[in-house]
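Q:
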Amino acid sequence: MTDQPQLSDSVRILRGVGPGMQEGLKKLGIESVADLLFHLPMRYEDRSQTKSIGDCRPGDRVLVEGFIQNSNIVRHRRAMLVVTLSDDTGSLSLRFFNFHAAQIRSLSRGVKLQAFGEIRGGARGLEMIHPSYQKSKNAEEEASLTPIYPSTEGIRQASWINLSEQALKILREDTSVLTELLPAALLLRQQLPELKTALLMLHRPDIDSELANMNRMDENFHHPARDRLVIEELLAHHLSMRRIQQQQQRRKALAFPLNPTLEDRFLQQLPFQLTRAQQRVITEIQQDLNRQQPMMRLLQGDVGCGKTVVAALSLLPVVAAGYQVAITAPTELLAEQHRDYFAQTLKPLGIDTVWLSSRVTGKAREQALHAIANGVAVVIGTHSLMQKTVEFKQLGLVIIDEQHRFGVHQRLALREKGQAGGHWPHQLIMTATPIPRTLAMTAYAGLQISVIDELPPGRTAVTTVAIDQQRREQVIERIAFACREGRQAYWVCTLIEESELLEAQAAEDTARQLSAELPDINIALVHGRMKPAEKSAIMTAFRNAEIKLLVATTVIEVGVDVPNASLMVIDNAERLGLSQLHQLRGRVGRGSEKSSCVLLFKPPLGETARARLDIMRATNDGFRIAEKDLELRGPGEVLGTRQTGALQFRLADLARDAALIQQVPQLAEALLNDHHRTDALIARWLGNAERYAEA
Ligand code: ADP
Ligand code: MG
Numbered sequence: 105m106t107d108q109p110q111l112s113d114s115v116r117i118l119r120g121v122g123p124g125m126q127e128g129l130k131k132l133g134i135e136s137v138a139d140l141l142f143h144l145p146m147r148y149e150d151r152s153q154t155k156s157i158g159d160c161r162p163g164d165r166v167l168v169e170g171f172i173q174n175s176n177i178v179r180h181r182r183a184m185l186v187v188t189l190s191d192d193t194g195s196l197s198l199r200f201f202n203f204h205a206a207q208i209r210s211l212s213r214g215v216k217l218q219a220f221g222e223i224r225g226g227a228r229g230l231e232m233i234h235p236s237y238q239k240s241k242n243a244e245e246e247a248s249l250t251p252i253y254p255s256t257e258g259i260r261q262a263s264w265i266n267l268s269e270q271a272l273k274i275l276r277e278d279t280s281v282l283t284e285l286l287p288a289a290l291l292l293r294q295q296l297p298e299l300k301t302a303l304l305m306l307h308r309p310d311i312d313s314e315l316a317n318m319n320r321m322d323e324n325f326h327h328p329a330r331d332r333l334v335i336e337e338l339l340a341h342h343l344s345m346r347r348i349q350q351q352q353q354r355r356k357a358l359a360f361p362l363n364p365t366l367e368d369r370f371l372q373q374l375p376f377q378l379t380r381a382q383q384r385v386i387t388e389i390q391q392d393l394n395r396q397q398p399m400m401r402l403l404q405g406d407v408g409c410g411k412t413v414v415a416a417l418s419l420l421p422v423v424a425a426g427y428q429v430a431i432t433a434p435t436e437l438l439a440e441q442h443r444d445y446f447a448q449t450l451k452p453l454g455i456d457t458v459w460l461s462s463r464v465t466g467k468a469r470e471q472a473l474h475a476i477a478n479g480v481a482v483v484i485g486t487h488s489l490m491q492k493t494v495e496f497k498q499l500g501l502v503i504i505d506e507q508h509r510f511g512v513h514q515r516l517a518l519r520e521k522g523q524a525g526g527h528w529p530h531q532l533i534m535t536a537t538p539i540p541r542t543l544a545m546t547a548y549a550g551l552q553i554s555v556i557d558e559l560p561p562g563r564t565a566v567t568t569v570a571i572d573q574q575r576r577e578q579v580i581e582r583i584a585f586a587c588r589e590g591r592q593a594y595w596v597c598t599l600i601e602e603s604e605l606l607e608a609q610a611a612e613d614t615a616r617q618l619s620a621e622l623p624d625i626n627i628a629l630v631h632g633r634m635k636p637a638e639k640s641a642i643m644t645a646f647r648n649a650e651i652k653l654l655v656a657t658t659v660i661e662v663g664v665d666v667p668n669a670s671l672m673v674i675d676n677a678e679r680l681g682l683s684q685l686h687q688l689r690g691r692v693g694r695g696s697e698k699s700s701c702v703l704l705f706k707p708p709l710g711e712t713a714r715a716r717l718d719i720m721r722a723t724n725d726g727f728r729i730a731e732k733d734l735e736l737r738g739p740g741e742v743l744g745t746r747q748t749g750a751l752q753f754r755l756a757d758l759a760r761d762a763a764l765i766q767q768v769p770q771l772a773e774a775l776l777n778d779h780h781r782t783d784a785l786i787a788r789w790l791g792n793a794e795r796y797a798e799a
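Sequential numbering from 105 applies to the sequence shown in the working numbering.
#1: Using 6 Å as the cut-off, classify the Cβ of valine 665 as near or not near the heavy atoms of the ligand ADP, replying yes or no.
#2: Among Ala611, Thr712, Glu697 and Leu785, whose alpha-carbon lies nearest the alpha-carbon of isoleucine 660?
#3: Is there contact here, the segment 584-600 with the segment 673-688, by at least three beta-carbon pairs under 8 Å?
#4: Kindly give me the distance between the Cβ atoms of proline 297 and proline 251, rounded to whole angstroms, as I take these residues to be in contact under 8 Å.
#5: To the nearest whole angstrom, what separates the beta carbons of glutamate 589 and arginine 380, a pair I think is in contact under 8 Å?
#6: To which residues does DSSP link glutamate 169 through a beta bridge?
#7: By Cβ distance below 8 Å, which residues in the same chain neighbour isoleucine 476 in space, the five residues on each side in sequence not counted?
#8: Which same chain residues end up closer than 6 Å to lysine 216 when comparing Cβ atoms and leaving out the 5 residues on each side of it in sequence?
#9: Look up lysine 239 in the DSSP assignment and give the residues it is bridged to.
#10: Going by the CB atoms, is the gap between isoleucine 533 and isoleucine 504 shorter than 7 Å?
#11: Given this structure, state the Cα-to-Cα distance separating proline 361 from leucine 393, to the nearest angstrom.
#12: If you draw a straight line from the C-alpha of aspartate 331 to the C-alpha of histidine 474, how long is it?
#13: Per the DSSP calculation, phenylalanine 203 is bridged to which residue(s)?
#14: What does glycine 405 pair with, by DSSP beta-bridge criteria?
#15: Let me confirm a value: aspartate 761 is counted as buried when at least 16 other C-beta atoms fall within 10 Å, else exposed. Which label applies?
#16: Could you tell me the alpha carbon to alpha carbon distance between glutamine 126 and isoleucine 117, rounded to whole angstroms?
#17: Taking the C-alpha atoms as reference points, what is the distance between glutamine 617 and glutamine 552?
#18: Is it the case that the Cβ atoms of leucine 654 and alanine 628 are separated by a distance below 7 Å?
#19: Look up asparagine 834 in the DSSP assignment and say whether it is helix, strand or coil.
#20: Could you tell me which of Asp406, Gly405, Gly408 and Ile389 sits nearest to isoleucine 399, measuring between CA atoms?
#21: Near glycine 726, what residues of its chain come up, given a Cβ to Cβ distance below 7 Å and the 5 sequence neighbours on each side ignored?
#22: In chain order, what residues of the same chain lie with their CB nearer than 8 Å to the CB of glutamine 295, ignoring the 5 residues before and after it?
#23: Could you say which of Ser152, Arg308, Gly258 and Leu285 lies nearest to arginine 276 if we only look at CA atoms?
#24: Skipping 5 residues on each side, what residues in its chain have a beta carbon closer than 7 Å to that of valine 742?
#25: How close, in whole Å, do the beta carbons of glutamate 314 and phenylalanine 220 come, if the pair is a contact with beta carbons under 8 Å?
#26: Excluding sequence positions up to five away, which residues of its chain have a Cβ less than 7 Å from the Cβ of alanine 447?
#27: I need the DSSP call for alanine 433, collapsed to helix, strand or coil.
#28: Compute the minimum distance between the beta carbon of glycine 426 and the heavy atoms of the ligand MN, and state whether it is under 6 Å.
#29: Kindly give me the distance between the Cβ atoms of arginine 395 and alanine 359, rounded to whole angstroms, as I take these residues to be in contact under 8 Å.
#30: Within the segment 363-419, note down every full alpha helix (DSSP H) run reaching 4 residues or more, in order along the chain.
#31: Would you mind stating whether valine 413 and serine 554 have Cβ atoms separated by less than 7 Å?
#32: Any heavy atom of the ligand ADP closer than 6 Å to the CB of phenylalanine 376?
#33: Less than 6 Å between C-beta atoms, sequence neighbours within five positions excluded: which residues of the same chain meet that for methionine 634?
#34: Between which residues of its own chain and valine 664 is the CB-CB distance below 8 Å, once the five residues before and five after are set aside?
#35: So, helix, strand or coil for glutamate 149, using DSSP?
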């Protein structure tokens with residue numbers, strides 16, 4: 105019919121999209137031009153006003169304009185591009201850790217440049233790290249607010265502008281108007297704009313648009329164009345949950361009654377008494393397992409509350425009936441820890457376990473797969489266990505650990521394995537992420553929720569202090585002193601960029617430095633790029649207290665359990681988000697020993713970073729921390745690679761949109777029987793079925 109580019113076309117038709125970019129976009133769920141239109145700015149910046157460099161202070165987020173004085177590649181630990189920008193009032197260094205040849209060429213001496221970013225006080229005066237920048241334009245050209253898009257490694261803001269510009273052009277010209285999926289009555293009643301109008305407004309607001317205020321931490325901020333899309337997105341999620349729920353209800357499962365003998369034997373070998381909260385949730389789970397409908401239960405409990413033992417008790421009835429249990433964890437390290445724990449506790453009961461990860465290869469893999477196909481009782485592995493071609497003989501229960509950051513939704517759609525004779529396995533999902541009530545109603549519709557709201561007795565709250573990097577030596581002294589007294593400590597290295605390689609290098613440097621300074625203390629290193637065998641050997645040695653100080657990357661973030669370790673130092677703590685800090689700190693305070701956590705930071709601290717460290721010092725309560733986190737994060741925080749797997753909402757914000765979230769179940773009623781619209785909404789916001797299932 106026409107060669108005109110269309111919204112349904114692949115992003116490949118756009119200028120600037122090569123295979124690399126296409127891959128990056130795909131990670132964010134963007135495959136077609138239309139998908140790009142639904143990738144909306146998270147905030148806007150008014151870049152019509154520049155600030156004199158001489159007036160800039162650390163912490164300011166500003167636009168400056170000047171001429172490039174010089175541009176050098178500096179090799180320190182790693183290569184860095186440093187550009188000096190000057191105006192009549194002063195000069196400023198722009199630092200880039202990632203850069204390419206074309207960039208070096210374009211940032212040459214004499215070029216007039218605008219740079220936007222946060223001012224920091226560096227060793228040699230003011231600087232901006234990875235600012236966004238462009239060559240200066242005429243004043244008239246800058247008539248709209250500059251949108252800032254959520255991004256991922258390797259896609260710069262300039263690319264988002266370029267891509268959205270092309271997509272918007274197609275939107276304006278494509279005659280096959282983007283389908284309006286919200287009922288007209290709803291739009292009218294709520295006074296919301298139509299889809300096309302809303303998209304144009306959100307991608308390119310006028311300079312005086314109210315949208316300029318969206319970046320403020322204002323929970324009451326609302327704009328009809330944004331609300332319209334938020335409602336649409338929330339509806340899509342809600343409807344997909346309802347659909348899964350309906351499917352679920354039609355499914356049959358085998359009922360597994362309690363096996364008191366086996367349970368008693370298990371409890372007798374436990375070195376502690378279960379808490380009341382643990383007992384309560386175990387009863388809830390056991391009741392579910394004894395029904396002929398697949399359990400879909402979310403077990404929530406703060407770090408260290410003892411979810412693992414609940415998992416162990418849950419699997420007993422299934423195993424007693426001769427059915428299999430699969431236990432999955434998100435990281436290799438955590439999965440290995442489960443492997444050891446379950447092997448150790450189940451063996452005395454005569455229950456066999458098998459370990460499978462993508463790194464189990466060759467003959468060992470064949471053997472493992474063979475055992476699984478032949479009905480070995482318990483299989484432990486990483487999440488990939490459920491996606492690979494693993495054939496179970498008869499799977500009765502799937503346990504998924506540490507499904508935090510709201511990834512639960514996708515997990516629900518996980519294609520149940522080993523559906524045998526029309527029976528589906530039960531599912532138990534464990535998370536340390538507290539679930540806000542409003543979210544539970546929408547994103548978790550159809551999930552039963554159990555909460556462990558009590559920590560095992562004898563735990564003392566972790567004392568947390570924030571200390572300036574300049575006093576690093578003192579911190580090292582203090583750690584050394586404690587280690588000499590027989591205590592054990594973690595030293596966690598973190599980096600801004602989500603690169604496992606760089607993080608590993610930083611950890612190696614730190615380990616080397618600490619070993620040199622403290623030759624009498626047994627120090628070891630663990631990071632994500634080490635061989636699994638090396639990693640587990642080190643973790644075992646640490647658990648056996650042969651290693652006193654463990655230098656680690658954030659690989660230890662989830663689930664690692666070494667109760668004797670009672671000290672933690674988090675390097676560059678200002679760079680981490682609250683939930684990550686809380687997860688990390690949860691590695692200590694697990695035994696009866698008094699524990700502490702040192703947050704080492706590099707000043708000057710931005711406002712948000714300061715607020716984060718403050719709340720960490722003030723409380724150990726995961727729920728309060730999660731609430732504060734929502735408040736501080738604002739909408740659609742930049743999506744690091746770490747988060748994309750669990751990416752939930754593209755636009756909706758749990759704190760800001762609480763009121764809208766509450767309306768959704770009711771709004772959905774009108775759409776429930778409209779299968780066509782429901783399909784289209786789910787496809788638009790959650791992507792095609794396959795991506796949805798595998799996310
Ligand atoms: P999480 O909920 O974070 O996964 P774990 O299951 O790893 O927590 O448990 C944390 C620690 O608490 C483990 O060392 C575990 O043995 C211990 N633990 C669990 N339940 C109890 C209990 N009722 N009393 C004492 N210690 C317990
Ligand atoms: Mg755990």
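Here a beta-carbon is modelled for each residue, glycine too, at the ideal position from N, C-alpha and C.
These numbers come from a predicted model, not from an experiment.
A: Well, looking at it:
#1: Within the sequence shown, the letter at position 561 stands for residue 665. A quick correction: the sequence has aspartate, not valine, at residue 665. Yes, the ligand ADP has a heavy atom inside 6 Å of this Cβ.
#2: Working through the sequence shown from its first residue, we reach residue 660 at position 556. Among Ala611, Thr712, Glu697 and Leu785, the Cα nearest to that of isoleucine 660 belongs to Ala611.
#3: yes
#4: In the sequence shown, counting from the first residue as 1, residue 297 sits at position 193. In the sequence shown, counting from the first residue as 1, residue 251 sits at position 147. Their Cβ separation, rounded to whole angstroms, is 17 Å, which puts proline 297 and proline 251 out of contact at 8 Å.
#5: If you number the sequence shown from 1, residue 589 lands on position 485. If you number the sequence shown from 1, residue 380 lands on position 276. Between arginine 380 and glutamate 589 the Cβ distance is about 35 Å, and since that is not below 8 Å, they are no contact.
#6: As a first step, residue 169 is located in the sequence shown; it is residue number 65 there, counting from the start. BP columns for glutamate 169 point to Gln218.
#7: Within the sequence shown, the letter at position 372 stands for residue 476. For isoleucine 476, where only same-chain residues beyond five positions count, the Cβ hits under 8 Å are Gln428, Val458, Leu460, Val483, Val494, Glu495, Phe496 and Lys497.
#8: Stepping through the sequence shown from its first residue, residue 216 is reached at position 112. Once the five neighbours on either side are set aside, the close Cβ partners of lysine 216 are Phe171 and Ser240.
#9: Sequence index remark: in the sequence shown, residue 239 carries index 135 (1-based). For lysine 239, which the question treats as bridged, DSSP gives the partners Leu217.
#10: As a working mapping, residue 504 is identified with position 400 in the sequence shown. As a working mapping, residue 533 is identified with position 429 in the sequence shown. Cβ atoms of isoleucine 504 and isoleucine 533: closer than 7 Å.
#11: As a position in the sequence shown, residue 361 is number 257, starting the count at 1. As a position in the sequence shown, residue 393 is number 289, starting the count at 1. Roughly 7 Å between the two C-alpha positions.
#12: Reading the sequence shown from its first residue, position 227 is the one you call residue 331. Reading the sequence shown from its first residue, position 370 is the one you call residue 474. Computed Cα separation, rounded: 53 Å.
#13: Along the sequence shown, one-based indexing puts residue 203 at 99. DSSP output for phenylalanine 203 lists no bridge partner at all.
#14: Within the sequence shown, the letter at position 301 stands for residue 405. According to DSSP, which records beta bridges pairwise, glycine 405 is partnered with Ile556.
#15: Here the question's residue 761 lines up with position 657 in the sequence shown. When all chains shown are included, aspartate 761 counts as buried.
#16: Against the sequence shown, residue 126 aligns to sequence position 22. Against the sequence shown, residue 117 aligns to sequence position 13. Spanning the two alpha carbons is a distance of roughly 10 Å.
#17: Position 513 of the sequence shown, counted from the first residue, corresponds to residue 617. Position 448 of the sequence shown, counted from the first residue, corresponds to residue 552. Spanning the two alpha carbons is a distance of roughly 49 Å.
#18: Taking the first residue of the sequence shown as position 1, residue 654 is located at position 550. Taking the first residue of the sequence shown as position 1, residue 628 is located at position 524. Yes, the Cβ-Cβ distance between leucine 654 and alanine 628 is below 7 Å.
#19: The chain is shown only over 105 to 799; residue 834 falls outside these bounds and no answer can be derived.
#20: Numbered from its first residue, the sequence shown carries residue 399 at position 295. Looking at the sequence itself, residue 399 is methionine, so the reference to isoleucine does not match. Nearest of Asp406, Gly405, Gly408 and Ile389 to methionine 399, Cα basis: Ile389.
#21: The residue given as residue 726 occupies position 622 in the sequence shown. The residues are Asp406, Val407, Ala536, Pro538 and His686.
#22: The sequence position of residue 295 within the sequence shown is 191, counting from 1. Result list for glutamine 295: Pro328, in chain order.
#23: Against the sequence shown, residue 276 aligns to sequence position 172. If we check each option's Cα against that of arginine 276, Arg308 comes out closest.
#24: Position 638 of the sequence shown, counted from the start, is the residue given in the question as residue 742. Residue placement at valine 742 is poorly supported in this model, since its pLDDT is 30, which falls under 50; the coordinates still yield a value, given next. Counting only Cβ-Cβ distances below 7 Å, and skipping sequence neighbours, we find Pro254 and Ser255.
#25: By 1-based counting over the sequence shown, the position of residue 314 is 210. By 1-based counting over the sequence shown, the position of residue 220 is 116. That pair is no contact at about 21 Å.
#26: Locating residue 447 in the sequence shown gives position 343, where the first residue counts as 1. Closer than 7 Å at Cβ, skipping near neighbours: Thr457.
#27: As a working mapping, residue 433 is identified with position 329 in the sequence shown. Correct three-state label for alanine 433: strand.
#28: Among the ligands in the structure shown, the ligand MN does not appear; only the ligand ADP and the ligand MG can be found there.
#29: Position 291 of the sequence shown, counted from the first residue, corresponds to residue 395. Position 255 of the sequence shown, counted from the first residue, corresponds to residue 359. At roughly 6 Å, the Cβ-Cβ gap stays under 8 Å, so arginine 395 and alanine 359 are in contact.
#30: 364-372 and 380-393
#31: Within the sequence shown, the letter at position 309 stands for residue 413. Within the sequence shown, the letter at position 450 stands for residue 554. No, the pair does not count as a contact, with Cβ atoms beyond the cut-off.
#32: Stepping through the sequence shown from its first residue, residue 376 is reached at position 272. Phenylalanine 376 Cβ: within cutoff of the ligand ADP.
#33: Here residue 634 refers to the residue found at position 530 when the sequence shown is read from its first residue. Result list for methionine 634: empty, nothing under 6 Å.
#34: Working through the sequence shown from its first residue, we reach residue 664 at position 560. If we look at valine 664 and ignore the five residues flanking it on each side, its Cβ neighbours are Leu437, Leu438, Gln441, Met643 and Arg691.
#35: Numbered from its first residue, the sequence shown carries residue 149 at position 45. If DSSP states are grouped into helix, strand and coil, glutamate 149 belongs with the strands.
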